[in-house]
Each structure stands twice: as C-alpha cells, then as structure tokens.
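Engineer: Start counting the sequence shown at 4; every next residue gets the next number (our numbering). Ideal Cβ placement from N, Cα and C applies to all residues, glycine included. Computed from a predicted model, the values in this text were never measured in an experiment. If you scroll down you'll find the structure; I have some questions about it.
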Amino acid sequence: SFKELTILSSFRATGISPPNPNPILDRFAQDQESGDNSSSGLSDHDWRKIDRLALSIKEKRKKKGKTLDL
C-alpha cells in the first residue's frame, strides 16, 4: 500500500530525497569494515599450491594427449 509517509521514508532511506548518497554508501562501508581485507580466504601459499596442482594436472593430461585450457 502506497502511503505518503512510507514513500517519503523510503526515499530518505535510499538517499533519493533529499539527495544524500550516504545511507547507501554507509551500508557498503560497514560491510567492508566487518569483512576480511583479503578478497578470498586463501593465503599466498594456498594459491601457489593450487597453481602447482593445476599445472601438474595440465602436464599429466598433455602426456595422455589431452589438452586442458587454463
């Protein structure tokens, strides 16, 4: 149901009226602050192990005459 108070409250909450980007930007800032600084939970060592494993599989498939695109 469309009530004036509900619509105005929604506009305020999203920063549409009055123009104010902070309600939305603040939500993203809170998510980033609470999250880990890393884009993934894997360490550099883990990534190197995964890379070596992928290369190993690629080499094994190459020996069998099958290609694996990475």
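Over what stretch of residues does the alpha helix (DSSP H) that includes Phe14 continue unbroken?
Structural biologist: Segment Glu7 to Thr17, the alpha helix (DSSP H) holding Phe14.
Engineer: Would you mind reading off the limits of the alpha helix (DSSP H) that contains Ser59?
Structural biologist: That run of the alpha helix (DSSP H) goes Asp47 to Lys66.
Engineer: Hey, Ile27 and Thr17 are a contact pair by Cβ (cut 8 Å); roughly how many whole angstroms apart?
Structural biologist: Sure, about 6 Å apart at Cβ, within 8 Å.
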